[in-house]
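Undergrad: Submitted below is the structure of interest, expressed as structure tokens.
Residue numbers (this note's numbering): 46 to 299.
See the structure below:
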């Protein structure tokens with residue numbers, strides 16, 4: 046699995062399993078199947094209400110915890126200092142782990158000073174219970190504020206990003222400040238599979254439209270976390286690293 050190096054010095058796999066809307070036994074089954082297939086990156090959040098099932102899938106896979114990059118997020122109604130610590134403690138308990146690889150502010154909350162939130166994040170990072178910290182759904186201005194008030198590097202901004210939905214200014218701002226970008230909904234909630242331009246490009250490589258959409262992201266160093274629940278889709282989403290789009294195709298899609 047291809048990785049990028051974060052500003053914290055840790056490596057993050059370019060492809061992960063998004064677990065939003067995965068629940069119960071299905072979540073456990075999909076996580077186990079993905080890990081057995083070779084996935085090494087799981088994305089979850091307190092608000093997904095599936096961290097216990099994600100942990101069960103990891104345990105059932107037999108893959109060592111240290112081999113898997115786990116991201117979780119603190120919900121915006123818990124961004125006060127003490128709330129962050131309490132919700133994070135619940136996260137690691139539910140995930141049955143001593144640490145997470147990446148802890149994110151799920152959404153900004155203008156009612157809570159970012160410095161207060163990130164003071165707690167800094168303490169969690171300093172304790173080793175979060176190897177890296179970052180944000181999600183943050184604007185360039187909020188990223189600048191986060192970088193200014195946090196002691197630990199802000200290494201990631203998770204945003205909705207896919208072919209046809211690109212905030213170029215935000216993407217360039219993140220790159221300029223060594224903030225890696227993770228794309229959620231990288232397949233536009235499944236719409237990419239029906240895109241004629243993506244399909245036409247895919248025909249040249251024997252790939253699907255969805256695979257082209259994912260390749261376009263990871264080829265730029267953008268982390269993609271598509272959700273999938275079937276063995277076929279999980280495997281297809283992984284099959285994006287042994288080929289490359291040419292410069293004209295990259296430009297046409299972006």
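A virtual CB, placed ideally from N, CA and C, is assigned to each residue, including glycine.
Provide the residue span of the alpha helix (DSSP H) that contains residue 166, from first to last.
TA: As a first step, residue 166 must be located in the chain shown, where it is residue number 121. Note, residue 166: alpha helix (DSSP H), 159-171.
Undergrad: Have a look at 154, 190, 143 and flag the residue whose alpha-carbon is nearest the alpha-carbon of residue 126.
TA: As a working note, residue 126 is residue 81 in the chain shown. Taking only the C-alpha atoms, the option nearest residue 126 is 154.
Undergrad: The beta strand (DSSP E) spanning residue 126 covers which residue range?
TA: As a first step, residue 126 is located in the chain shown; it is residue number 81 there, counting from the start. That residue, residue 126, is in no beta strand (DSSP E); its alpha helix (DSSP H) goes 126-139.
Undergrad: Do residue 90 and residue 73 come within 8 Å of each other at the CB atom, strictly closer than that value?
TA: Residue mapping note: residue 73 aligns to position 28 of the chain shown, counting from 1. Residue mapping note: residue 90 aligns to position 45 of the chain shown, counting from 1. Contact flag unset, no.
Undergrad: Using C-beta distances below 6 Å, list every residue in its chain close to residue 301, excluding the 5 sequence neighbours before and after it, in chain order.
TA: The first residue shown for the chain is 46 and the last is 299, placing residue 301 beyond what the model contains.
Undergrad: Flag this pair as yes or no: are the beta carbons of residue 219 and residue 188 separated by less than 8 Å?
TA: Start at 1 with the first residue of the chain shown, and residue 219 comes out as number 174. Start at 1 with the first residue of the chain shown, and residue 188 comes out as number 143. Their beta carbons are under 8 Å apart, which means residue 219 touches residue 188 by this criterion.
Undergrad: Report all residues from its chain with a CB closer than 7 Å to the CB of residue 109; omit the five preceding and five following residues, and keep chain order.
TA: As a first step, residue 109 must be located in the chain shown, where it is residue number 64. Hits under 7 Å: none found.
Undergrad: Since residue 88 sits in a beta bridge, which residues does DSSP pair it with?
TA: Position 43 of the chain shown, counting from 1, holds the residue named residue 88. Bridge partners of residue 88: 63, 116.
Undergrad: Per DSSP, which residues does residue 205 bridge with? Please list them.
TA: As a working note, residue 205 is residue 160 in the chain shown. Its beta-bridge partners are 229.
Undergrad: Let's see if you can read the secondary structure: which residues bound the alpha helix (DSSP H) around residue 179?
TA: If you number the chain shown from 1, residue 179 lands on position 134. Per DSSP, residue 179 belongs to no alpha helix (DSSP H); it is in the beta strand (DSSP E), 178-181.
Undergrad: Are the Cβ atoms of residue 67 and residue 95 separated by less than 8 Å?
TA: Here residue 67 refers to the residue found at position 22 when the chain shown is read from its first residue. Here residue 95 refers to the residue found at position 50 when the chain shown is read from its first residue. Contact: yes.
Undergrad: Compute the Euclidean distance between the alpha carbons of residue 181 and residue 239, then round it to the nearest angstrom.
TA: Mapped onto the chain shown, residue 181 falls at position 136. Mapped onto the chain shown, residue 239 falls at position 194. Residue 181 and residue 239: Cα-Cα distance of roughly 28 Å.
Undergrad: Report the three-state DSSP secondary structure of residue 57 (helix, strand or coil).
TA: Counting from 1 along the chain shown, the entry for residue 57 is found at position 12. Correct three-state label for residue 57: strand.
Undergrad: Could you check which residue in 191, 245, 206 has the C-alpha nearest to that of residue 230?
TA: The residue you call residue 230 lines up with position 185 of the chain shown. Nearest option by C-alpha distance: 206.
Undergrad: Spatial neighbours of residue 256 within its chain, please: CB distance less than 7 Å, with the 5 preceding and 5 following residues excluded, ordered by chain position.
TA: Counted from its first residue, the chain shown places residue 256 at position 211. Once the five neighbours on either side are set aside, the close Cβ partners of residue 256 are 247, 281, 284, 285.
Undergrad: When we look at the beta-carbon of residue 258 and count the other beta-carbons within 10 Å, is it buried (16 or more) or exposed?
TA: Against the chain shown, residue 258 aligns to sequence position 213. Flag for residue 258 reads buried.
Undergrad: Return the residue from the list 268, 263, 237, 262 that minimises the CA-CA distance to residue 253.
TA: Start at 1 with the first residue of the chain shown, and residue 253 comes out as number 208. Taking only the C-alpha atoms, the option nearest residue 253 is 237.
Undergrad: How many angstroms separate the CA atom of residue 261 from the CA atom of residue 98?
TA: For this step, residue 261 is matched to residue 216 along the chain shown. For this step, residue 98 is matched to residue 53 along the chain shown. Distance between the alpha carbons of residue 261 and residue 98: 31 Å.
Undergrad: Using only alpha-carbon positions, find the residue among 242, 164, 183 that is nearest to residue 214.
TA: Locating residue 214 in the chain shown gives position 169, counting from the first residue. When only C-alpha atoms are compared, the closest one is 183.
Undergrad: Name the DSSP beta bridge partners of residue 257, please?
TA: As a first step, residue 257 is located in the chain shown; it is residue number 212 there, counting from the start. Residue 257 is not bridged to any residue.
Undergrad: Could you give the distance in angstroms between the alpha-carbon of residue 47 and the alpha-carbon of residue 58?
TA: Here residue 47 refers to the residue found at position 2 when the chain shown is read from its first residue. Here residue 58 refers to the residue found at position 13 when the chain shown is read from its first residue. Going by the C-alpha atoms only, they are around 6 Å apart.
Undergrad: By DSSP, does residue 248 sit in helix, in strand, or in coil?
TA: Taking the first residue of the chain shown as 1, we reach residue 248 at position 203. Helix, per DSSP.
Undergrad: For residue 190, count neighbouring Cβ atoms within 10 angstroms of its own Cβ and tell me buried if that reaches 16, exposed if not.
TA: If you number the chain shown from 1, residue 190 lands on position 145. By the neighbour-count rule (16 or more Cβ atoms within 10 Å), residue 190 is buried.
Undergrad: Nearest to residue 228 by CA position, among 267, 217, 193, is which residue?
TA: Residue numbering aside, residue 228 sits at position 183 when the chain shown is read from its first letter. Residue 267 is the option with its Cα nearest to residue 228.
Undergrad: Strictly by DSSP, which residues pair up with residue 49?
TA: As a first step, residue 49 must be located in the chain shown, where it is residue number 4. For residue 49, which the question treats as bridged, DSSP gives the partners 57.
Undergrad: Using the rule of at least 16 other Cβ atoms within 10 Å of the residue's Cβ for burial, across every protein chain shown, is residue 143 buried or exposed?
TA: Counting from one through the chain shown, the residue named residue 143 turns up at place 98. That one is exposed.
Undergrad: How should residue 201 be labelled, buried or exposed, when 16 other C-beta atoms within 10 angstroms of its C-beta is the threshold for buried?
TA: As a first step, residue 201 is located in the chain shown; it is residue number 156 there, counting from the start. Under this definition residue 201 is a buried residue.
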